[in-house]
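Peer 1:
Number of protein chains: 2
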Amino acid sequence: MSQPQTAITPRREEDFSEWYQQVVRAADLAEPSDVRGCMVIKPWGYGVWEQMQGALDAMFKATGHKNAYFPLFIPLSYLAKEAEHVDGFAKECAVVTHHRLEVGPDGALRPAPSAELTEPLIVRPTSETIIGATYAKWVQSYRDLPILINQWANVVRWEMRPRIFLRTAEFLWQEGHTAHETDVEAVEETERMLGVYAKFAREHLALPVYTGEKSAGERFPGAVQTLTIETMVQDRKAIQAGTSHFLGQNFAKASGIRFLSRTNTQEYAWTTSWGVSTRLIGTVIMAHGDDDGVVLPPRVAPSQIVILPVTPKEDTKAAVLDAAHKLASRLREQRFHGDLLRVEVDTRDIGGGTKSWEWIKKGAPVRIEIGPRDLEKGSVALARRDRGPKEKTFPTVDECVEGITVVLQEIQDGLLAKATAYRDANTVRIDTKEDFYAFFTPKNAEKPEIHAGFALAHWNGSVEVEKQIKEDLKVTIRCIPTAGQIPGAEEPGRCVITGEPSPRRVLFAKSY
Amino acid sequence: MSQPQTAITPRREEDFSEWYQQVVRAADLAEPSDVRGCMVIKPWGYGVWEQMQGALDAMFKATGHKNAYFPLFIPLSYLAKEAEHVDGFAKECAVVTHHRLEVGPDGALRPAPSAELTEPLIVRPTSETIIGATYAKWVQSYRDLPILINQWANVVRWEMRPRIFLRTAEFLWQEGHTAHETDVEAVEETERMLGVYAKFAREHLALPVYTGEKSAGERFPGAVQTLTIETMVQDRKAIQAGTSHFLGQNFAKASGIRFLSRTNTQEYAWTTSWGVSTRLIGTVIMAHGDDDGVVLPPRVAPSQIVILPVTPKEDTKAAVLDAAHKLASRLREQRFHGDLLRVEVDTRDIGGGTKSWEWIKKGAPVRIEIGPRDLEKGSVALARRDRGPKEKTFPTVDECVEGITVVLQEIQDGLLAKATAYRDANTVRIDTKEDFYAFFTPKNAEKPEIHAGFALAHWNGSVEVEKQIKEDLKVTIRCIPTAGQIPGAEEPGRCVITGEPSPRRVLFAKSY
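Chains as they are written, first to last, in numbering that gives the first Met the number 0: chain A, 0 to 511; chain B, 0 to 511.
Written out as structure tokens, the structure is:
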């Protein structure tokens with residue numbers, strides 16, 4: 000039997016990583032730039048990011064945070080203040096060494112030797128150190144705490160093997176940085192923000208996520224505890240979609256964030272940091288995309304509904320366009336989760352088939368066609384991105400307007416249900432080393448890119464075992480799942496590798 | 000007679016530049032960072048920027064633009080492509096030369112010699128060149144035009160004499176970059192966006208602006224035509240608050256943005272760029288601030304109304320707080336220019352006087368006090384930031400809710416009217432060189448920082464005259480005002496310096 004034709008070549012199961020690249024291109028989301036490892040985020044991709052930003056920003060503000068902005072540059076000496084942190088971030092970063100260009104003896108522009116900085120500046124890979132130095136000035140007394148601040152910014156981590164959205168030299172993100180009077184408050188904050196991320200991932204991005212704690216080996220450099228949300232994408236690898244770090248007093252000590260306590264003693268503050276990035280866009284593509292392109296959850300689609308006027312004849316063209324714009328106006332008055340619907344009318348003068356396929360590839364949740372015959376019947380042709388490309392329903396205009404938010408919610412819910420079922424179907428409990436190694440060893444040499452999935456297995460808690468598994472199989476502990484999330488995961492057992500006692504199962508997978 | 004006590008020392012007329020620094024500090028808007036020339040924008044200052052962003056973003060989208068994101072780094076060779084551009088921007092910029100740090104022989108971190116970039120990267124001072132290179136890939140045919148894109152981003156221009164908000168090494172801005180099929184369209188776009196800026200400045204920031212064209216000497220490096228909005232602040236200097244550039248085909252030629260035209264020929268596109276930055280925050284402070292601190296126009300105030308519960312006694316505290324929150328809820332349902340009101344209840348446990356003065360210094364447009372006695376009377380005490388700090392009215396709660404948007408609009412309109420009157424009172428027509436030099440020569444050695452104002456004078460159009468005036472007086476042509484804006488400005492006359500014929504008056508001033 001021949002495969003049905005798909006809009007994206009190759010299909011996911013043929014070559015997942017090439018499929019991903021082709022989808023990003025076909026959907027006009029982003030493209031590599033001439034600057035190594037840096038991407039250009041195109042309007043449709045940036046539109047997704049704007050939706051993510053809007054929703055997250057409201058959630059941050061609802062939990063008491065305010066936005067601020069800190070410098071792009073970090074003095075080299077700041078980065079060096081926290082020992083683990085510098086090990087983690089000093090390796091691959093952009094180093095500014097000069098502040099002027101001049102024409103050199105060969106006539107070409109060069110960094111001016113006379114303008115060499117006395118201390119090099121690092122383009123921020125993350126801002127704990129520069130923000131810590133600032134908080135140290137702001138905090139004198141317990142009355143100055145808590146500080147609850149978020150920053151929307153670009154960051155740079157030089158990447159040797161960039162992959163668009165998932166791992167690029169420059170990316171966009173938000174980083175929350177808070178300082179507290181007590182460890183209890185800081186831990187609560189760390190957990191609260193992980194909760195915000197988990198809710199956002201599930202309800203807005205339709206991503207089923209496991210929340211949990213990172214093992215010591217996978218922690219943020221300098222953190223006491225790193226919490227994470229982990230999701231599975233369609234090659235069954237894990238993606239870390241957001242992290243929230245309890246930093247203890249490590250950065251407060253490194254930066255000198257001290258305060259006079261209620262009992263009149265000098266104490267170090269307890270700090271947290273938490274972030275999500277444009278990596279989420281890549282995650283959504285890999286989680287929900289199909290062989291026809293991107294499938295966007297309605298809550299983050301820049302345009303949730305695209306109206307495609309079908310105008311084969313000049314004499315009906317004006318009436319069709321008029322009906323299309325009228326329908327758009329009516330739809331734009333409807334609210335979905337409190338926001339007015341985002342509706343686009345695509346009046347470009349190109350073939351109807353080409354136009355429709357463009358929007359399929361871009362992942363617009365709903366397409367509505369209106370042509371002369373629809374006009375006569377008072378109906379429209381409605382197609383959902385979560386159904387086959389040719390599957391349509393034919394509601395009347397009123398039915399369409401009245402039913403549209405139900406349709407969007409069905410799509411939103413359906414994506415989450417499908418992704419959850421996929422993850423659950425590819426998550427197994429493994430109790431022997433043999434099975435564990437067999438699970439993570441590629442079976443089909445022709446499809447090396449589709450992996451086995453998530454393994455819930457017992458672990459003795461040692462870094463050595465983690466290391467061995469990583470070396471042998473490129474598999475890591477994605478998280479120690481939050482208790483109560485996975486039935487039976489907290490029952491004791493024996494380490495799948497060493498047979499030593501283990502209090503609970505942890506989540507193993509290959510990952511991006 | 001002794002001066003009344005003011006919250007800010009020194010007063011504006013005593014030392015304007017020190018007043019400005021003290022206001023920025025007292026209002027908790029921003030502070031210098033440890034990184035030379037870079038600022039930390041604190042939550043209240045960033046909140047103003049968020050309001051500016053929200054309003055501008057909506058105006059950009061309403062005029063057909065979409066947001067996107069381009070790389071932070073620009074290869075050295077890109078910057079060198081446009082001759083005038085590189086002269087203008089290569090001078091003071093941050094140069095990235097390495098992509099890794101390592102521990103050197105002395106045990107200290109240093110840029111790794113093995114990780115030197117083959118081509119240095121410049122941290123973008125503006126993005127014409129990198130965006131041009133991208134558009135060159137996107138544009139093949141006239142059907143691909145126009146491209147109407149905006150970017151919200153940080154940029155870096157190394158500054159030797161930084162001044163917070165007005166001139167910092169790193170600042171935040173938006174930069175629109177468009178490409179068009181014809182010069183007419185590109186010029187229209189340039190003018191359209193200047194119109195957007197002028198409307199935004201007047202209606203949102205309460206800034207009276209003159210629109211006009213820059214002289215050749217003041218043009219954006221590489222532009223054919225630079226349009227500007229210029230406003231006067233209280234030391235009577237001009238601030239360039241936004242610019243819109245018609246770039247002709249200069250950058251299209253430098254970057255290779257070519258397309259197949261309707262007549263089947265290869266043509267270069269016509270491009271524009273336009274931007275405003277966090278400099279607008281400094282402009283608002285300098286234009287509207289008084290000796291008690293910042294005065295924020297209601298449309299950009301992060302909190303338009305601050306409710307201050309007065310709780311002298313424990314037994315009435317709960318009732319007062321309850322009334323305060325209820326009033327806040329009712330006010331938050333009111334809309335001002337389409338947006339729900341931004342209302343804050345300040346329940347901090349500090350003295351009422353201190354609290355009230357904090358909000359005066361921060362420039363919150365309206366303060367509402369509610370105490371036990373107000374509760375009995377069913378009224379509140381309402382104070383406006385555009386009136387004296389002790390001037391209050393005592394509306395009932397209902398009157399307060401019903402009248403609040405009128406009060407906000409009065410404040411908004413009053414600020415614009417006051418700033419306009421100030422500018423007009425300090426704008427003169429000058430017709431002799433003697434008067435011109437006298438006008439711009441400081442008269443009062445004790446108040447060297449309050450300048451004379453704007454001069455409308457005739458000019459022969461030569462760069463030499465511009466240069467001479469700049470050298471002698473530090474005065475520049477701020478713009479050739481758009482026709483029809485200033486009565487009589489388009490009548491011919493004779494150059495104020497050379498006596499040569501001049502078709503019209505232009506605007507001279509000292510500037511930031």
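All residues carry an ideal CB built from backbone N, CA and C; glycine is no exception.
Keep in mind the model is a prediction, meaning the values are calculated, not measured.
Which residues of the region 330 to 353 of chain B have a Cβ closer than 8 Å to any Cβ of chain A? Give them in chain order.
Peer 2: Listed in sequence order: no entries.
Peer 1: Shortest alpha-carbon distance to A:I163 belongs to which of A:K389, A:A382, A:W18 and A:E357?
Peer 2: That would be A:W18, whose Cα lies nearest to the Cα of A:I163.
Peer 1: Alpha carbon to alpha carbon, how far is A:M0 from A:D289?
Peer 2: Here the model assigns A:M0 a pLDDT of 45, short of 50, so the residue's position is not dependable, and the following value carries that caveat. Their Cα atoms are separated by approximately 20 Å.
Peer 1: Closer than 7 Å, CB to CB, is B:F59 near chain A or not?
Peer 2: No, B:F59 does not count as interfacial toward chain A.
Peer 1: Quick check on A:S32 - is its C-beta less than 7 Å from some C-beta in chain B?
Peer 2: Cβ-Cβ to chain B under 7 Å: yes for A:S32.
Peer 1: Within 8 Å, do at least three Cβ pairs link the region 23 to 33 of chain B to the region 160 to 174 of chain B?
Peer 2: Enough Cβ pairs lie closer than 8 Å, so yes.
Peer 1: Using a Cβ-Cβ cutoff of 9 Å, what residues of the region 249 to 273 of chain A are near chain B? List them in chain order.
Peer 2: Residues passing the 9 Å Cβ filter: none.
Peer 1: In whole angstroms, what is the alpha-carbon distance linking B:E49 and B:I449?
Peer 2: The straight-line gap from Cα to Cα measures roughly 31 Å.
Peer 1: Could you tell me whether the region 54 to 70 of chain A touches the region 96 to 113 of chain A, where touching means 3 or more Cβ pairs closer than 8 Å?
Peer 2: They do not touch, by the three-pair rule.
Peer 1: Going straight from the alpha carbon of B:S588 to that of B:D321, what length do you get?
Peer 2: Here chain B has residues from 0 to 511 only, and residue 588 of chain B is not among them.
Peer 1: Compare the Cα-Cα distances from B:E375 to each of B:R366, B:C494 and B:F393 and report the closest residue.
Peer 2: Taking only the C-alpha atoms, the option nearest B:E375 is B:F393.
Peer 1: Please confirm whether B:K80 has its beta-carbon closer than 7 Å to some beta-carbon of chain A.
Peer 2: Judged by the 7 Å Cβ criterion, B:K80 is not in contact with chain A.
Peer 1: Compile a chain-ordered list of the residues in the region 142 to 162 of chain A whose CB is closer than 8 Å to at least one CB of chain B.
Peer 2: Under the 8 Å Cβ criterion, the region 142 to 162 of chain A contributes I148, A152, N153, V155 and W157.
Peer 1: Pull up the distance between the alpha-carbon of B:E256 and that of A:H287, whole angstroms please.
Peer 2: For the sequence presented, residue 256 of chain B should be read as Ile rather than Glu. If I take the Cα positions, the gap works out to 36 Å.
Peer 1: Less than 8 Å between C-beta atoms, sequence neighbours within five positions excluded: which residues of the same chain meet that for A:Q52?
Peer 2: Around A:Q52: W151 and Q173.
Peer 1: Does any C-beta atom of chain A lie closer than 7 Å to the C-beta of B:T96?
Peer 2: Output row for B:T96: interface = yes.
Peer 1: Using 10 angstroms around the beta-carbon of B:P491, count the other beta-carbons present and answer buried if the total reaches 16, otherwise exposed.
Peer 2: Answer is exposed; the Cβ neighbour count stays below 16.
Peer 1: Between the Cα of B:I369 and the Cα atoms of B:K391, B:L144, B:I284 and B:R384, which residue gives the shortest distance?
Peer 2: Residue B:K391 is the option with its Cα nearest to B:I369.
Peer 1: What residue ranges within the region 126 to 172 of chain B form continuous beta strand (DSSP E) runs of no fewer than 3 residues, ordered along the chain?
Peer 2: Fully enclosed beta strand (DSSP E) runs of 3 or longer: 146 to 155.
Peer 1: What do you get for B:M159, buried or exposed, if any count of 16 or more other CB atoms within 10 angstroms of its CB means buried?
Peer 2: Counting Cβ neighbours within 10 Å, B:M159 comes out exposed, since fewer than 16 surround it.
Peer 1: What do you get for B:S355, buried or exposed, if any count of 16 or more other CB atoms within 10 angstroms of its CB means buried?
Peer 2: Classification for B:S355: buried.
Peer 1: At 8 Å on the CB atoms, spell out the chain B contacts of A:V39, in chain order.
Peer 2: Result: A67, Y68, F69, P70 and T133.
Peer 1: Let's test the definition: count the other Cβ atoms within 10 Å of the Cβ of B:N263 and tell me whether it reaches 16, buried, or not, exposed.
Peer 2: With fewer than 16 other Cβ atoms within 10 Å, it is exposed.
Peer 1: Starting from A:E463 and walking both ways along the alpha helix (DSSP H), at which residues does that stretch end?
Peer 2: Where A:E463 is concerned, the enclosing alpha helix (DSSP H) stretches over V462 to L472.
Peer 1: At a Cβ cut of 7 Å, what residues of the region 277 to 310 of chain B count as close to chain A, listed as they run along the chain?
Peer 2: Those residues of the region 277 to 310 of chain B that come within reach of chain A (Cβ to Cβ, closer than 7 Å) do not exist; the list is empty.
Peer 1: Of all Cβ atoms in chain A, is any one closer than 7 Å to the Cβ of B:E13?
Peer 2: No, because no Cβ of chain A sits closer than 7 Å to the Cβ of B:E13.
Peer 1: Does DSSP put B:S538 in a helix, a strand or coil?
Peer 2: One cannot answer for residue 538 of chain B here, as it falls past the ends of chain B, which runs 0 to 511.
Peer 1: Can you list, in chain order, the residues of its chain with a C-beta nearer than 7 Å to that of A:I130? Leave out the 5 residues immediately preceding and following it.
Peer 2: Answer for A:I130: F69 and H176, listed in chain order.
Peer 1: What does B:E169 touch in chain A if you count any residue whose Cβ is under 8 Å from its own?
Peer 2: By Cβ distance, chain A contributes P70, L71 and F72.
Peer 1: If contact means a Cβ-Cβ distance below 9 Å, which residues of the region 119 to 130 of chain A contact chain B?
Peer 2: Against chain B - using a Cβ distance shorter than 9 Å - the residues of the region 119 to 130 of chain A are P119, L120, I121, V122, I129 and I130.
Peer 1: Would you please state the rounded distance, in angstroms, between the beta carbons of A:L506 and A:L472? I believe it to be under 8 Å.
Peer 2: A:L506 to A:L472, Cβ: 14 Å. No contact.
Peer 1: By the three-class DSSP mapping on this structure, what secondary structure does B:I359 have?
Peer 2: Correct three-state label for B:I359: helix.
Peer 1: Among B:H179, B:E127 and B:K136, which one has its Cα closest to the Cα of B:P145?
Peer 2: Comparing Cα-Cα distances from B:P145 to each of B:H179, B:E127 and B:K136, the minimum goes to B:H179.
Peer 1: Pull the bridge partners of B:A29 from the DSSP assignment, please.
Peer 2: B:I40, per the DSSP bridge assignment.
Peer 1: Could you say which of B:V283, B:A317 and B:T353 lies nearest to B:A6 if we only look at CA atoms?
Peer 2: Ranking the options by Cα distance to B:A6, first place goes to B:T353.
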